[in-house]
Amino acid sequence: MSTCTCTAAVVGALALVVGCTSPDPIDQPCPLSQEGDRALFDGTQESLDRWRMAGPGSFELQEDCSLRTVGGMGLLWFPDTFENYRLTLDWKVAGDDNSGVFIGFPEPGDDPWVAVNEGYEIQIDATDAPDRTTGAIYLHQGADRAAVAQSLEPPGEWNTYEITAEGRTDTVLLNGTLVNSFDSDRSDGDLSGHVGLQNHGEDDDVYFRDIYVAELVDR
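To convert a position in the sequence shown, counted from 1, into the numbering used here, add 4.
What follows is the structure, encoded as structure tokens:
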């Protein structure tokens, strides 16, 4: 496996660049973060090492500096907690695959079901039931199906989630299109906690890259 490092020549000296140079830097340019964003995963082993794994399976670093889900059902989670934030990341599926992005859950230890039962999952799966397809808040609220159909890229192509947790409201943008806005049904309405990624099972190949978070202040 090649070492993932970043060069900025192709994007200009003034750009803030975090991430990797793939075997073909023209097809896989270094990602550009938004101002104020913090990189949680930038394509390097060093950034991956900051995460923790709960349950079986793993996430493997690829030559293009993305992560691939392996086995499961497990959870890759970040040890810091966040309150009022915007989480952005890219993902793609190989085919009819299943995964999800979790927010607002307590420290899970080695039990991935803590995130399922005590957090919220923004689903990745284009062919499941309405309350558990791509863009849905899993088992809580389905996504706008027309908006998803308009914006979702097919298997093999990258998609971008922008997930905002502010107060009791969780909004989900898919490739820049609003596909869900959900008010927490917890008694305290709290969406603060950890964030994580699901490796759903042996037959699911899902990839992630360029994971950033930005705290929302003075909003």
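For every residue, glycine included, the Cβ atom is placed at its ideal position computed from N, Cα and C.
Assigned secondary structure, residue i (DSSP; H/G/I helix, E/B strand, else coil)
i	result
residue 149	helix
residue 118	helix
residue 50	helix
residue 174	strand
residue 70	coil
residue 155	helix
residue 213	strand
residue 190	coil
residue 207	coil
residue 100	coil
residue 84	coil
residue 94	strand
residue 30	Reliability of the predicted coordinates at residue 30 is poor, the pLDDT of 31 falling under 50, and no value is obtained from them.
Neighbour-count burial assignment, residue i, 16 or more Cβ in a 10 Å radius
i	result
residue 103	buried
residue 4	Nothing about residue 4 can be read from this structure; the chain reaches only from 5 to 223.
residue 125	buried
residue 190	exposed
residue 99	exposed
residue 206	exposed
residue 143	exposed
residue 180	exposed
residue 78	buried
residue 41	buried
residue 154	exposed
residue 47	buried
residue 58	buried
residue 131	exposed
residue 116	buried
Cβ distance (whole Å) where residue i is taken to contact residue j below 8 Å
i	j	result
residue 194	residue 188	7 Å
residue 198	residue 73	Rounded, the Cβ-Cβ distance is 18 Å, inconsistent with contact.
residue 148	residue 183	5 Å
residue 93	residue 211	11 Å between Cβ atoms; not a contact.
For residue i, the residue or residues it bridges with in DSSP
i	result
residue 78	203
residue 140	Looking at the DSSP assignment, residue 140 forms no beta bridge with any residue, so it has no partner.
residue 221	BP columns for residue 221 are empty, so no partner.
residue 44	DSSP, once it has assigned bridges, lists no residue as partnering residue 44.
residue 225	This structure cannot speak to residue 225, because the chain is shown only from 5 to 223.
residue 62	74
Residue-chain proximity (residue i, chain C), Cβ-Cβ < 9 Å
i	result
residue 124	Absent from the structure: chain C. Only one protein chain is present.
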